[in-house]
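Number of protein chains: 2
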Amino acid sequence: MNSYEDEFRNYLKENGLKFTPERQLILKGVFSLHKHFDIDQLWEKLHRKDRRLSRATIYRTLPLLVECNLIQETLRCQGRVQYEHIFGHEHHDHLVCLKCGKIIESREERIEKLQEEICKRYHFKAVEHRLGIRGYCQKCQNKMKGT
Amino acid sequence: MNSYEDEFRNYLKENGLKFTPERQLILKGVFSLHKHFDIDQLWEKLHRKDRRLSRATIYRTLPLLVECNLIQETLRCQGRVQYEHIFGHEHHDHLVCLKCGKIIESREERIEKLQEEICKRYHFKAVEHRLGIRGYCQKCQNKMKGT
DNA sequence: TTTGTAATTGAGATACAATCTCAATTATAC
DNA sequence: GTATAATTGAGATTGTATCTCAATTACAAA
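Those protein sequences? They're chains W and U, same order as listed.
Under this note's numbering, the first residue of the first sequence is numbered 45, with each subsequent residue one higher.
Under this note's numbering, the first residue of the second sequence is numbered 45, with each subsequent residue one higher.
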């Protein structure tokens with residue numbers, strides 16, 4: 045099995061793009077962050093290592109990582125796009141707490157199956173799918189009761 | 045059964061808010077549009093009837109309509125929030141064609157059930173959920189083959 | 001009907017994420 | 001090494017969404 049760096053290198057080569065130090069830095073940064081992150085969090089982390097690194101480069105690189113299936117957009121949170129790396133992970137759905145922002149991940153095989161069924165029904169060729177449930181996590185529910 | 049205007053009036057009254065001509069205009073506009081729309085489409089339509097109507101008022105009113113369950117956000121399309129009215133409609137999922145923008149609506153009772161199950165599993169109190177599938181509709185698939 | 005008051009409005013200013021521009025730089029193939 | 005097309009950073013720009021504030025208005029109570 046290839047490493048994520050190999051994956052990225054191959055993707056770039058196939059598309060006549062270059063593997064630059066900036067792209068390498070961003071790639072490593074993405075996989076060193078625990079799961080969900082937005083562009084600013086990533087920039088803040090990487091900017092410490094390379095003061096020159098521009099936000100624009102991150103904005104330009106992340107779509108490439110999406111394109112070669114190393115990361116994906118998840119839910120939008122407070123107007124910002126959130127990403128997570130998916131290389132070596134299975135697809136899963138998200139439950140987002142509206143109060144504390146906690147994200148619960150859940151995989152439900154039966155839902156995946158039903159989605160495929162729906163696509164077949166409409167002769168729809170799915171590229172990507174996202175199930176997001178917004179509400180309140182157990183802790184926040186308890187807090188709200190307590191008030 | 046109440047009309048959507050009654051629903052809105054009740055909601056406003058309960059919250060000490062006013063039923064203004066602008067809000068009435070926006071409400072009617074929303075329900076006269078066929079399903080999915082974004083704020084600009086709505087403004088363009090309403091601006092013709094009332095040249096004074098400000099975008100800000102629409103931006104301020106739509107969250108009220110969401111709050112009282114007359115409309116809901118659907119998928120984000122090209123960076124814009126899309127809305128649809130749901131008064132008198134059942135919840136449904138969306139299949140969005142990445143090429144032509146066509147939106148297919150689908151309701152699948154079994155998925156709804158499974159979602160409830162997941163929420164129970166995590167003691168999560170859902171407020172809202174959205175399932176979006178992005179890909180290519182049948183027509184666009186055929187077009188792409190043809191090329 | 002009149003009045004008091006708090007909510008609402010429009011217009012423009014503002015905030016902010018995301019994108020674009022362009023000269024300077026650099027990775028890659030030969 | 002050299003040629004060349006891709007890439008970069010910094011700042012400008014775009015475009016959605018939000019905020020500000022003085023003027024206006026809906027609505028409840030008199």
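All residues carry an ideal CB built from backbone N, CA and C; glycine is no exception.
These numbers were taken from a predicted model, which means no experiment stands behind them.
In the three-state DSSP reduction, W/C144 falls in the coil class, being neither helix nor strand.
In the displayed model, U/G73 falls within a helix according to three-state DSSP. Sequence-distant partners of U/H136 (beyond 5 residues in either direction) whose C-beta falls short of 7 Å from its own C-beta, in its chain, are E149, S150, R151. Annotation for U/L71: F52 place their beta carbon closer than 6 Å to its own, counting only its chain and skipping 5 residues before and after. For U/A100, no Cβ of chain W is located within less than 8 Å of the residue's own Cβ. Taken through DSSP and simplified to helix, strand or coil, W/F52 comes out as helix. For W/D82 against W/Q126, the beta-carbon gap comes to about 5 Å, under 8 Å, which counts as contact.
Minimum Cα-Cα distance from U/A170 among the listed residues W/C184, W/C112, W/K164, W/R67 corresponds to W/C184. The DSSP-derived three-state label of U/K62 is coil. Taking the CA atoms as reference points, W/L61 sits about 51 Å from U/R96. For the pair W/T118 and W/E134, the CB atoms are not nearer than the 8 Å cut-off.
The Cβ of U/H173 sits closer than 8 Å to at least one Cβ of chain W.
Under the Cβ criterion of 8 Å, W/R178 is counted among the residues facing chain U.
Of all alpha-carbon atoms in W/L69, W/I177, W/E111, W/G145, the one lying nearest the alpha-carbon of W/H80 is that of W/G145. Interface residue (Cβ-Cβ distance to chain U less than 8 Å): W/E128 is not classified as such.
The alpha-carbon of W/E66 is positioned some 38 Å away from that of W/E160. Counting only Cβ-Cβ distances below 7 Å, W/H167 has contacts in chain U at Q182, in chain order.
Against chain U, the beta carbon of W/Q116 has no neighbour under 8 Å; the closest one sits roughly 11 Å away.
W/I102 and W/G176 have their C-alpha atoms roughly 25 Å apart. Look at the stretch 134 to 150 of chain W: the residues with a C-beta under 9 Å from a C-beta of chain U are D137, L139, C141, L142, I148, S150. Take U/E111, set aside five residues on each side of it, and the residues of its chain with a beta-carbon closer than 8 Å to its own are Y55, in chain order.
With a threshold of 8 Å between beta carbons, U/I83 makes no contact with chain W. Annotation: U/R174 to U/V140 spans about 13 Å, alpha carbon to alpha carbon. In the DSSP assignment, U/A170 is bridged to W/G179.
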